[in-house]
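In full-length UniProt numbering, the protein residues as written are 1 to 180.
Right under this line is the structure:
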């Protein structure tokens, strides 16, 4: 069958004509998509875009005006346009994700401040005497329960709680005077 006859069949929604077009041009459309995409799409994406072009051919069949005897130029343009639209859409998604990452990523200055604060707190904890340092580390770094800390150090729970509170108060006062 000639392309003009197949196109007339598409206008009548003849499935046999559509199947013939799919068999005849699906590989050609996929080749155009792959060439335009330049390796930026995997085979699944190429197949999906080629399918979109064929679906568009089915829905727009009555509107297509054939110039010449072949559908190849029309299909090449349709495949190119679908591919370019898909690339633009993908680029917008990537840019949106990058913007989200840029917003959520701390700046170098913020990272430097966090590092400095961490070193300051670490130095203050290292300056504590025993058993306060061990209690503080077990509570806030290892997240142990007060009951477990008290039994490990043979102390009363109230004594451990009081030491933690005093250590926190000292750290807060020291931190506020060092970093106004």
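Glycine included, every Cβ here is placed at the ideal spot set by N, Cα and C.
Can you check the UniProt domain "RNA polymerase sigma-70 region 2" (21-92) for any alpha helix (DSSP H) of at least 4 residues that lies completely inside it and give the ranges in chain order? 43-60
So, helix, strand or coil for residue 128, using DSSP? coil
Can you give the Cα-Cα distance for residue 136 and residue 149, rounded to whole angstroms? 10 Å
Who are the Cβ neighbours of residue 83 in its own chain at under 7 Å, not counting the five residues just before and after it? 33, 36, 37 and 49
Below 8 Å on the Cβ atoms is my contact criterion, and I expect residue 18 with residue 7 to pass it. Report the Cβ-Cβ distance as a whole number of Å. So it is not a contact: roughly 10 Å between Cβ atoms.
Starting from the Cα of residue 54, find the closest Cα among 40, 79 and 70 and give me that residue. 79
When DSSP labels each residue in this structure, what does residue 2 get in the three-state scheme? coil
Proximity winner among 68, 86, 15 and 73, relative to residue 42 (alpha-carbon distances): 86
Mapping DSSP to helix, strand and coil, what is residue 175? helix
7 Å CB neighbourhood of residue 152 in its chain, flanking five on each side removed: none
Buried versus exposed, by CB contacts within 10 Å (16 or more), residue 143: exposed
By a C-beta neighbour count over all protein chains shown, 10 Å radius and 16 as the cutoff for buried, is residue 147 buried or exposed? exposed
For residue 29, is the classification buried or exposed, using 16 other Cβ atoms within 10 angstroms of its Cβ as the cut-off for buried? buried
How would you call residue 169, buried or exposed, if buried means at least 16 neighbouring beta carbons within 10 angstroms? exposed
By Cβ distance below 8 Å, which residues in the same chain neighbour residue 131 in space, the five residues on each side in sequence not counted? 153, 155 and 163
Please say whether residue 24 and residue 66 have beta carbons closer to each other than 7 Å? no
With distances taken between CB atoms, is the gap from residue 124 to residue 174 smaller than 7 Å? yes
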